[in-house]
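Visitor: Have a look at the structure that comes next, please.
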């Protein structure tokens, strides 16, 4: 490679079995791209998007929510939440929005990914993740007072909106049909 003391482009040779490749890398200040990123904190804040990632759990289902500044979009596994079927599950999923009010969600984009468990468990995990995401977003990017107000609203309505349900299925044991049920004992 050539020396770059005079501000010329530095070239590198890459040897391949049949050809020689020549790549130019700019070394002058006006051509080079800064590796350190933005020069001020203000510029860094503009580049950084206001985003929160949270999760919710129910039995073996896990839902991960990405909550960012936006225009009120709510998607579950790539599908708008308003198109979710059956209607009972959709209403359960949108409970945090109904409780907090649509005004709190208008400036937020919420994207939910769920896996594991069944349909009902996934909806309960998603609803918990949405509630936790909104509380975390308000704590980090809005103010503490509105975060406390949201948290109290969710807790007074249903504790599982913010705190995971620890119950799990008990394993089956021998000597019976299930975890606790035993085979009938016969004396004759």
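In my numbering, the protein residues as written are 37 to 224. Where a beta carbon is used, it is the ideal one built from N, C-alpha and C, also for glycine.
(1) Assign residue 160 to buried or exposed, taking buried as 16 or more other Cβ atoms, counted over all protein chains shown, within 10 Å of its Cβ.
(2) Is the beta carbon of residue 167 sitting closer than 8 Å to the one on residue 146?
(3) When you compare only the Cα positions, how much space is there between residue 115 and residue 139?
(4) Give me the Cα-Cα distance between residue 180 and residue 188, rounded to the nearest whole angstrom.
(5) Going along the chain, which residues of its own chain have a beta-carbon closer than 8 Å to the beta-carbon of residue 198, five neighbours each way excluded?
(6) With a CB to CB cut of under 8 Å and the five nearest residues on each side skipped, what residues in its chain are close to residue 208?
(7) In three-state terms, what does DSSP make of residue 182?
(8) Could you tell me the distance, in whole angstroms, from the CA atom of residue 158 to the CA atom of residue 151?
(9) Exposed or buried, what is residue 120 when buried is set at 16 or more other beta-carbons lying within 10 Å of its beta-carbon?
(10) Counting C-beta neighbours from all protein chains within 10 Å, is the total for residue 220 16 or more, i.e. buried, or is it exposed?
(11) Can you tell me the Cα-Cα spacing of residue 206 and residue 122, whole angstroms?
(12) In chain order, what are the residue ranges of uninterrupted beta strand (DSSP E) at least 3 long that sit wholly in the segment 91 to 165?
(13) Does residue 85 come out as helix, strand or coil in the three-state DSSP assignment?
(14) State the CB to CB distance for the pair residue 126 and residue 134, rounded to an integer number of angstroms; the pair is presumed to be in contact (CB under 8 Å).
(15) If the criterion is Cβ atoms closer than 8 Å, does the pair residue 96 and residue 153 meet it?
(16) Can you give the Cα-Cα distance for residue 107 and residue 142, rounded to whole angstroms?
(17) Once DSSP output is grouped into helix, strand and coil, what is the label at residue 198?
(18) Mark residue 174 as exposed unless 16 or more other C-beta atoms lie within 10 angstroms of its C-beta, in which case mark it buried.
(19) Measure the beta-carbon distance from residue 148 to residue 178 and round it to whole angstroms, keeping in mind my assumption that it falls under 8 Å.
(20) Hey, out of 94, 87, 217, whose CA is closest to residue 196's CA?
Guide: This is what the structure gives:
(1) buried
(2) no
(3) 22 Å
(4) 12 Å
(5) 164, 167, 168, 171, 187, 190, 191
(6) 214, 215
(7) helix
(8) 7 Å
(9) buried
(10) exposed
(11) 29 Å
(12) 97 to 105, 110 to 112, 144 to 151
(13) coil
(14) That pair is no contact at about 11 Å.
(15) yes
(16) 6 Å
(17) coil
(18) buried
(19) Not a contact, Cβ separation roughly 21 Å.
(20) 94
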